[in-house]
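Protein chains in written order, with our numbering: chain A, 1 to 158; chain B, 1 to 158. Glycine is no exception: its CB is placed at the ideal position from the N, C-alpha and C atoms. This structure is a prediction, so every number in the text was calculated from the model and none was measured. Everything below concerns the one structure shown next.
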DNA sequence: GGAAAAACCAACTGCGTCGCTCGGATTTAA
DNA sequence: TTAAATCCGAGCGACGCAGTTGGTTTTTCC
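Structure (structure tokens):
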């Protein structure tokens, strides 16, 4: 899971698409104007989204894009996975399968990154386009014993 | 919170430092050899870590680095924040303060990214170097039944 | 049939960061 | 004095990002 601004643009565009879903499909130029994203860049993003089966296209005048599924069935994690490069597998990164040489002394942090990846994916797949539109963010996890909040200072704990 | 491989290298190095902490400080060339990271690159990372007050240096032969605090008082989030660029503030990204033009229609995803940032920071600041060494990852949050319907819990933030 | 609106497609560009190298300088133990 | 180590800055090749250019195809509408 890559978490670049590219994925953010894609999610912005998809939320916009979900918001303005009508009988007629939504054209990319409309989205581009509303979200202030380059039209051609949007085209590239939506090419990937279409290949991933998240949107359907209608060509010709009056055409545009539609969500392939309902907004409450389209998860943010899917959008980001669709547009981002599948991570460059640097050294021990991710590669859930075999990788990581099993030499634990060199890869003490393996479990940490794996768990972090899980956390991120878990969160992003718990949020759908509908949730973003309705501003229903799950906001769970809020309490964890002895863990200081993000913003403020971190008094030692644990 | 940036989550690049740069931060990962820094955490790897810091875990290595914590693991081999003895009476004598640990030299970067030792860490470089064990973790297979370029020495000069390590130097750059540790320059930042030192400025952030996470490590202390000892110059001269037999010198090296020491943790400035105990390993259970050094959080992974601090390490990553120390070495990563403070994010380029693209459009509506993060910028916890004023930003984001308050034009909600253009920034429907603002709350989403903010909440995601909170999740990541919360997780990474719940893990200390000591935890990584002992492989005690908190692994909480693990519920979220199946692929969870998020709307179930919580009303919006904002 | 022709014009125009839209999706499609491919190549290229400027830029910034990453991971790293090189060439030093300073400090300090032996 | 030598050598081990931290310090420091400049530069480099590669890559992804965001965008641009310049098309083509499909399809609606007049």
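query: Rounded to whole angstroms, how far is the Cβ of residue 65 (chain B) from the Cβ of residue 28 (chain B), which I believe are closer than 8 Å?; result: 7 Å
query: Determine, using beta-carbon pairs with one atom in the segment 118-127 of chain B and one in the segment 106-122 of chain A, whether at least three such pairs fall under 8 Å.; result: yes
query: Counting only the same chain and skipping the five closest in sequence on each side, list residues whose C-beta sits under 6 Å from that of residue 124 (chain A).; result: 76, 77
query: Are there 16 or more other CB atoms within 10 angstroms of the CB of residue 134 (chain B), so buried, or fewer, so exposed?; result: exposed
query: Taking 8 Å as the limit between beta carbons, can you name the residues of its chain near residue 63 (chain B), skipping five residues before and five after?; result: 25, 27, 57
query: Going by the DSSP bridge assignment, what does residue 49 (chain A) pair with across the sheet?; result: Residue 49 (chain A) is not bridged to any residue.
query: Just the Cα atoms here: how many angstroms apart are residue 68 (chain A) and residue 131 (chain A)?; result: 17 Å
query: Within this structure, are the beta carbons of residue 1 (chain B) and residue 55 (chain B) separated by less than 9 Å?; result: no
query: Looking only at its own chain, which residues have a Cβ that is under 7 Å from the Cβ of residue 53 (chain B), when we skip the five neighbours before and after it?; result: 68
query: Which two residues bound the contiguous beta strand (DSSP E) that contains residue 64 (chain A)?; result: 64-67
query: Run through chain A and tell me which residues come within less than 8 Å of residue 48 (chain B), C-beta to C-beta.; result: Under the 8 Å cutoff, chain A gives no residues; its nearest Cβ is about 18 Å from residue 48 (chain B).
query: With a Cβ-Cβ cutoff of 9 Å, do residue 129 (chain A) and residue 32 (chain A) count as a contact?; result: no
query: Using DSSP's beta-bridge definition, name the partner residues of residue 2 (chain B).; result: Per DSSP, none; premise fails for residue 2 (chain B).
query: Which value, in whole angstroms, describes the spacing of the CA atoms of residue 42 (chain A) and residue 8 (chain A)?; result: 12 Å
query: Quick one: residues in its chain with C-beta nearer than 8 Å to the C-beta of residue 143 (chain B), no 5 flanking neighbours on either side, listed in chain order?; result: Note that residue 143 (chain B) has pLDDT 42, beneath the 50 cutoff, so the model's placement of it is unreliable and the number below is only indicative. So no residue of the chain qualifies.
query: What did DSSP end up calling residue 127 (chain A) once you bin it into helix, strand or coil?; result: coil
query: Which chain A residues sit within Cβ distance under 9 Å of residue 58 (chain B)?; result: The contacting residues do not exist; residue 58 (chain B) stays about 24 Å from chain A at best.
query: Among the residues of its own chain, which have a CB less than 6 Å from the CB of residue 45 (chain A), if the five just before and after it don't count?; result: 10, 83
query: DSSP three-state call for residue 75 (chain A): helix, strand or coil?; result: strand
query: Looking at the unbroken beta strand (DSSP E) that takes in residue 57 (chain B), where does it start and where does it end?; result: 55-58
query: Which residues of chain B have a Cβ atom closer than 8 Å to the Cβ of residue 119 (chain A), listed in chain order?; result: 119, 120, 123, 141
query: Against chain B, with Cβ distances strictly below 9 Å, would residue 74 (chain A) count as a contact?; result: no
query: As a quick exercise: from B:59, B:79, B:107, pick the residue whose alpha carbon is nearest that of residue 189 (chain A).; result: There is simply no residue 189 (chain A) to check, as chain A begins at 1 and stops at 158 in what is shown.
query: Can you check which of these residues, A:12, A:3, A:4, is closest to residue 110 (chain B) by C-alpha distance?; result: A:12
query: Using only CA atoms, which one of A:70, A:81, A:79, A:127 lies nearest to residue 20 (chain A)?; result: A:70
query: Short of 8 Å Cβ to Cβ, which residues in the segment 27-49 of chain A face chain B?; result: 34, 35, 36
query: Can you check DSSP and say which residues form a bridge with residue 11 (chain A)?; result: BP columns for residue 11 (chain A) are empty, so no partner.
query: Comparing alpha-carbon positions, which option in A:115, A:137, A:80, A:5 lies nearest residue 186 (chain A)?; result: There is simply no residue 186 (chain A) to check, as chain A begins at 1 and stops at 158 in what is shown.
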